[in-house]
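I have placed the structure first, in the form of structure tokens, so that the comments after it can refer back to it.
Number of protein chains: 2
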Amino acid sequence: MDATLSTSFAGRLDEIAAETDALLDRLLSDKAAAGEIARPARLIEAMRYAALSGGKRLRPFLLVETAALFGVPREPALMAGAALECVHGYSLVHDDLPAMDNDALRRGQPTVHKAFDEATAILVGDGLLTFAFDLMSRVETHPDSNVRIALVSELARAAGLGGMVGGQLLDLASEGRFGGARKQTEADIVKLQAMKTGALLRFACRAGAILGGADAAALAAIDRFGAAAGTAFQIADDLLDVEGDTETIGKQTGKDAAAGKATLVAALGIDGARARLAQMLAGAESALAVFGAKADMLRAAARFIAERRS
Amino acid sequence: MDATLSTSFAGRLDEIAAETDALLDRLLSDKAAAGEIARPARLIEAMRYAALSGGKRLRPFLLVETAALFGVPREPALMAGAALECVHGYSLVHDDLPAMDNDALRRGQPTVHKAFDEATAILVGDGLLTFAFDLMSRVETHPDSNVRIALVSELARAAGLGGMVGGQLLDLASEGRFGGARKQTEADIVKLQAMKTGALLRFACRAGAILGGADAAALAAIDRFGAAAGTAFQIADDLLDVEGDTETIGKQTGKDAAAGKATLVAALGIDGARARLAQMLAGAESALAVFGAKADMLRAAARFIAERRS
Chain A
0 MDATLSTSFA
10 GRLDEIAAET
20 DALLDRLLSD
30 KAAAGEIARP
40 ARLIEAMRYA
50 ALSGGKRLRP
60 FLLVETAALF
70 GVPREPALMA
80 GAALECVHGY
90 SLVHDDLPAM
100 DNDALRRGQP
110 TVHKAFDEAT
120 AILVGDGLLT
130 FAFDLMSRVE
140 THPDSNVRIA
150 LVSELARAAG
160 LGGMVGGQLL
170 DLASEGRFGG
180 ARKQTEADIV
190 KLQAMKTGAL
200 LRFACRAGAI
210 LGGADAAALA
220 AIDRFGAAAG
230 TAFQIADDLL
240 DVEGDTETIG
250 KQTGKDAAAG
260 KATLVAALGI
270 DGARARLAQM
280 LAGAESALAV
290 FGAKADMLRA
300 AARFIAERRS
Chain B
0 MDATLSTSFA
10 GRLDEIAAET
20 DALLDRLLSD
30 KAAAGEIARP
40 ARLIEAMRYA
50 ALSGGKRLRP
60 FLLVETAALF
70 GVPREPALMA
80 GAALECVHGY
90 SLVHDDLPAM
100 DNDALRRGQP
110 TVHKAFDEAT
120 AILVGDGLLT
130 FAFDLMSRVE
140 THPDSNVRIA
150 LVSELARAAG
160 LGGMVGGQLL
170 DLASEGRFGG
180 ARKQTEADIV
190 KLQAMKTGAL
200 LRFACRAGAI
210 LGGADAAALA
220 AIDRFGAAAG
230 TAFQIADDLL
240 DVEGDTETIG
250 KQTGKDAAAG
260 KATLVAALGI
270 DGARARLAQM
280 LAGAESALAV
290 FGAKADMLRA
300 AARFIAERRS
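From first to last, the protein sequence lines stand for chains A and B. Per numbering that gives the first Met the number 0, the first sequence starts with residue 0, numbered consecutively. Per numbering that gives the first Met the number 0, the second sequence starts with residue 0, numbered consecutively.
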């Protein structure tokens, strides 16, 4: 990776993460918004614990940087990014529940049901998911309601039964949780991962383009980029589970193999998965060709996704 | 209650319930919509189990009948009603979970986590909540995106941390689930119930008026009606828990007292709660005065809510 670009990318990633945190900090206050009755102290405390726990904010970054490609100012893009991060955050809280992946650690900290309790964690997830649609529908996200409703609709499709939620169910099924055959084909795994993690990363990119009023060709290019980056993210995640250590990545490693999870590392081997990752990275970069040097930040993001160590 | 109107109301309630069921049956198919990757068979099966289990569809009824007051045709109102019913359905699935109310029966049938499993039930709730925003954002709900985004925003506020989800947390807190004092004042209980069940019923009425382009005065009158009807609903529910029997209402009774739940029956006594219920019913009817005979169906709905035996 080019050193100058890398520094610039790392700085920008931190900057957008800090701005996303500041925005979520402001939005998740204990003051009721118009149309709300009251925000219970314990719920807000737990939602803040979940949402302000120092993630990389990769989804907001992809959204903001894609939006910037189309001339969208930072503030509305950050609002859409905050909405997206609420969806991502809710999915982690629910995934960590005892009945789901039963994880005690997340980013090196106790998961919400450990720090609070299980009922609170369920409600934190429900609250964050609902709040995402509140944020996405706000006029601060975009002045044109046609744009906002398109974002709401795409977010619901990416995050719902035919996207992230469906992917989570397929993931549990692949562990044999619901009985039946456990053997997953490569195609099964690709579909599962496109739903479970790919859909939301892809939406992050699409949302930036939609906010920016991208034409059909540009949106299609961004869509190819987002799909490739999303696939790369999951392969890198699966490789980290095999090769990383718990301390560096802040959650337990080696869990996939122990749970018999269907991953591309299991299906293709480590070298095969690395080759697929390189292929996805090339695909992501080729999709950006049409945007020239303006897309350098997204190129750096794709390399970061593929090469990250945590 | 006037016998002719009662018959007519019961018929209309059944009719709208049947139309809501038919619409949800069509929408919750295994065919992926645009932007979705695939709808996993087990998830769709469990979402259908949760959403097509024969509820009264009171929220869609209030929405459709309020919309009719403003000349909105049945079909778009039913789409918004189906979205609302997905939110209601998700809340029941999550409320029934072992870590929440731990209920084995719902409408006389095994709850979703009993019929399937706990992980599936969590995902069914997440999927239904997300799907609600998909449906609300569809052009079939209203051709004007300003109207659709207003519905999305109000639904998120009514259902989220400052509404239903927050009310659910306060309800668990009132049982002493999170430690601390259990004694609830009457004002605490009124707030809790306005959030937990009132907000969504009130939204049902408001949504009908918003769909119909009601002016500010008409929306305010409908809001008063919805708030009174919502309060009446919860008082009637609490009275049923004391006076009803499990067979008639299809879920276990006597649980509130056993759990030490904060209800107005506990705070005011049975007679006091009945008096409050009558007061709410009068308030609901007075709010409708401005609409004349056109609002007879909503008047009948308020009486049904107050007088229902199951």
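Virtual Cβ for every residue (Gly too), placed ideally from N, Cα, C.
From B/GLU284, B/LEU280 and B/LEU238, residue whose alpha carbon lies closest to that of B/VAL264: B/LEU238
Comparing the C-beta of A/SER144 with each C-beta of chain B, is any distance below 8 Å? yes
Let me know the secondary structure DSSP gives A/PRO97 once reduced to three states. Three-state result, A/PRO97: coil.
Can you list, in chain order, the residues of its chain whose CB lies under 6 Å from that of A/GLY229, leaving out five sequence neighbours each side? Result list for A/GLY229: GLY197, LEU200 and ARG201, in chain order.
Residues of chain A with a CB under 8 Å from the CB of B/ARG41: which are they? Those are LEU168, ALA172 and PHE177, listed as they occur along chain A.
B/ASP102: contacting residues in chain A (beta-carbon distance under 8 Å): Contact annotation for B/ASP102 against chain A: no contact, minimum CB-CB distance about 13 Å [criterion: below 8 Å].
DSSP state of B/PRO72, grouped into three classes? Assigned with DSSP and collapsed to three states, B/PRO72 falls in coil, not helix or strand.
Tell me whether B/THR3 is buried or exposed, calling it buried when 16 or more other Cβ atoms sit within 10 Å of its Cβ. The pLDDT assigned to B/THR3 is 48, lower than 50, so where the model puts this residue is not dependable; a value taken from the coordinates is nonetheless given after this. B/THR3 should be labelled exposed.
So, for A/LEU122: in the same chain, excluding its five sequence neighbours on each side, which residues have a beta-carbon less than 7 Å away from its beta-carbon? LEU42
Quick one: what's got a C-beta closer than 8 Å to B/LEU171's C-beta in the same chain, skipping five residues either side? Closer than 8 Å at Cβ, skipping near neighbours: MET99 and PHE177.
Cβ closer than 9 Å: which chain A residues qualify as neighbours of B/LEU96? ALA98, GLU117, ALA118 and ILE121
With a Cβ-Cβ cutoff of 8 Å, do A/LEU83 and A/ALA217 count as a contact? no
Of the choices B/ALA208, B/ALA299, B/ALA283 and B/ASP222, whose alpha-carbon is the least far from that of B/ALA76? B/ALA208
CB A/MET78 to CB A/THR140, shorter than 8 Å? Yes, they are a contact pair.
In three-state terms, what does DSSP make of A/LEU104? Here DSSP, grouped into helix, strand and coil, assigns A/LEU104 to strand.
Under DSSP, the alpha helix (DSSP H) around B/LYS113 begins and ends at which residues? 111-114
Alpha helix (DSSP H) segment containing A/GLU311, residue limits: Since the first residue of chain A shown is 0 and the last is 309, residue 311 of chain A is not available in this structure.
From which residue to which residue does the alpha helix (DSSP H) around B/LEU263 run? 263-286
When you compare only the Cα positions, how much space is there between B/ALA81 and B/PRO59? 7 Å
Beta-carbon separation of B/THR129 and A/GLY159 under 8 Å? yes
Neighbour list for B/GLU153 in chain A, Cβ cutoff strictly below 8 Å: GLY34
Short of 6 Å in beta carbon distance, which residues of its chain neighbour A/ALA49, apart from the five on each side in sequence? Order them along the chain. GLY88, VAL92, VAL111 and VAL123
Going by alpha carbons, who is nearest to A/ALA193 out of A/LEU210, A/LEU150, A/GLY161 and A/LEU27? A/GLY161
So B/LEU169 and A/PRO97 are supposed to be a Cβ contact under 8 Å. How far apart are they, rounded? No, B/LEU169 and A/PRO97 are not in contact; Cβ-Cβ is about 24 Å, not under 8 Å.
Would you call the CB atoms of B/GLY282 and B/ALA227 closer than 8 Å? yes
Hey, how far is the Cα of A/VAL146 from the Cα of A/LEU210? If I take the Cα positions, the gap works out to 7 Å.
Pull up the distance between the alpha-carbon of B/SER5 and that of A/ARG156, whole angstroms please. Confidence in B/SER5 is poor, its pLDDT being 47 and thus under 50, which makes the residue's placement unreliable; the coordinate value appears in the next sentence. The straight-line gap from Cα to Cα measures roughly 41 Å.
For the ligand HEM, any of its heavy atoms closer than 7 Å to the Cβ of A/PHE115? For the ligand HEM, the structure offers nothing, since it holds no ligand at all.
Helix, strand or coil: how does DSSP classify A/PHE177 here? DSSP places A/PHE177 in coil when its eight states are reduced to three.
Using the beta-carbon count (16 or more within 10 Å), is A/LYS182 buried or exposed? exposed
Reference B/ARG376; option with closest CA among B/PHE290, B/LEU280, B/GLY291 and B/VAL289: With chain B covering 0 to 309 only, the question about residue 376 of chain B has no answer from this structure.
At the level of alpha carbons, what is the spacing between B/ILE346 and A/PHE8? Outside the shown range of chain B (0 to 309) lies residue 346 of chain B, about which nothing can therefore be said.
Within a Cβ cutoff of 7 Å, which residues of the same chain sit near A/ASP214, ignoring the five residues on either side of it in sequence? Same-chain partners within the cutoff: there are none.
Using alpha carbons as the reference points, say which of B/ARG106, B/VAL151 and B/GLN233 lies closest to A/ARG137. B/VAL151
Buried or exposed by the 16-neighbour rule on C-beta atoms within 10 Å, applied to B/GLU64: buried
Does A/GLY198 come within less than 8 Å of chain B when only Cβ atoms are used? Note that residue 198 of chain A is Ala in the sequence shown here, rather than Gly. For A/ALA198, the answer is yes, since a Cβ of chain B falls inside 8 Å of its Cβ.
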